[in-house]
Amino acid sequence: MAEVLVLVDHVDGEVKKVTTELLTAARRIGEPSAVWVGDGAENGKAALAEFGAEKVYTAPAELNDYVVAPTAELLAKLAQDKGAAAVLVSATAANKEIAGRTAVKLGSGVLTDVVDVTAEVVTEHSIFGGATVTHGRVKAGVPVVAVRPNSVVPEAASGAAAEEAVSVDLSDAAKGAKVVERVVEEQGERPELTEAAVVVSGGRGVGEGKFGVVEELADTLGAAVGASRAVVDSGWYPNQFQVGQTGKTVSPNLYIALGISGAIQHRAGMQTAKNIIAVNKDPEAPIFELADFGVVGDLHTVAPQLTEEINKRK
Ligand SMILES: Cc1cc2nc3c(=O)[nH]c(=O)nc-3n(C[C@H](O)[C@H](O)[C@H](O)COP(=O)(O)OP(=O)(O)OC[C@H]3O[C@@H](n4cnc5c(N)ncnc54)[C@H](O)[C@@H]3O)c2cc1C
């Protein structure tokens, strides 16, 4: 069975959930081989084995001294050397660039923001604010696929996770942009927005200085907090929490929209959520067209009741 390369997302040796999703998807296509760039593989190997990685290719941390290009050169080389059937990465901003560069090097094609993928590497995409579903397939060469977090339900399956050190002779071009400093984004206890299984977002309806109501509900659910652009532009909440066309794309199991109208640009970032709950005092708000469950009411009345009720039932 042909290998399917999965680029591992990890922090300090801990494998991110999205990688377990990619390994699950990879098993549909062929035999998953995890590609670990940087240190810490010995700590993450068990998690990779648990989700079916037959091999773990470890590449030196020096590749991360430069911006994206070295990882693309590594993936392209591995895909060629190993005769890979596909390359899967998570659809983060950096990884989408890696995916594009890898596909160029392979003379193949890239499919991004994928929400599902079949054994034949036919991909599903949700576009136009979720109004249309399209399917894609790379016609030549090794398909490179960037899958959105939370799109695939991770399923455990044991793999050998046989470790093999790999490397690549970097081109001068790949060393063009050097990383001179890394700043860890302050995040607190909440899960990362793009990976969270539950997201509670607030819009202009929340009001200035009142975001505590959103945070309290989020914390009750172990959720990430999101915000509309109206909120971010007003300076009510930091911009790394913006969801939408010009913000982050989220695909959680549950998205709760508090005081968000549901503009197309906001929907573009959250419409692939599996369940959407909206609270809005305007019954005509467009968010209700998308919502699985809608509450017409004042969020400052509804959200605290919801928080209280969930706490009671815990
Ligand atoms: C190029 C471009 C890119 C953009 N990118 C993004 C993006 O990435 N993300 C994004 O979000 N937007 C984006 N926008 C902006 C987008 O068009 C909307 O303006 C924005 O999403 C509106 O945010 P909102 O829903 O919070 O505010 P509003 O549209 O003002 O809606 C507020 C809602 O709150 C409700 N409300 C008010 N008070 C209460 C209350 N007490 N209880 C319950 N409900 C209440 C109102 O009925 C209303 O529906 C972009 C726009 C452009 C042009």
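One gets the working numbering by counting positions in the sequence shown from 1 and adding 406 to each. Glycine included, each C-beta is placed from N, C-alpha and C at the ideal position. From a predicted model like this one, the values you see are computed outputs, not experimental measurements.
- Taking C-beta atoms as the reference points, GLU570 and LYS680 fail to come closer than 8 Å.
- Rounded to the nearest whole angstrom, the CA to CA distance from ILE666 to LEU627 is 19 Å.
- If one requires a minimum length of 4 residues, the alpha helix (DSSP H) runs lying completely within the segment 496–542 are 499–512, in chain order.
- Remark: C-beta atoms of ALA497 and ARG554 approach each other more closely than 8 Å.
- Of the other Cβ atoms in all chains shown, fewer than 16 fall within 10 Å of the Cβ of PHE534; this residue is therefore exposed.
- About 5 Å separates the beta carbon of VAL551 from that of LEU494, a gap short enough to meet the 8 Å contact definition.
- ALA455 and GLU598 have their C-alpha atoms roughly 24 Å apart.
- Within 10 angstroms of the beta-carbon of PHE699 lie fewer than 16 other beta-carbons, which makes it exposed.
- Taking 7 Å as the cut-off, one finds no heavy atom of ligand 1 near enough to the beta carbon of ALA497.
- Annotation for GLY611: no alpha helix (DSSP H) segment contains it, and DSSP assigns it neither H nor E.
- Ligand 1 has a heavy atom closer than 7 Å to the beta-carbon of ASP704.
- Contact between GLY542 and THR529 holds: their C-beta atoms lie close to 5 Å from each other, under 8 Å.
- At the C-beta level, ALA432 and VAL410 come within 8 Å of one another.
- For PRO438, the pairing in a beta bridge is given by DSSP as VAL410.
- The alpha-carbon separation between ALA452 and ALA636 amounts to approximately 43 Å.
- For PHE617, the CB contacts under 7 Å within the same chain, skipping 5 residues up- and downstream, are GLY608, TRP642 and TYR643 in chain order.
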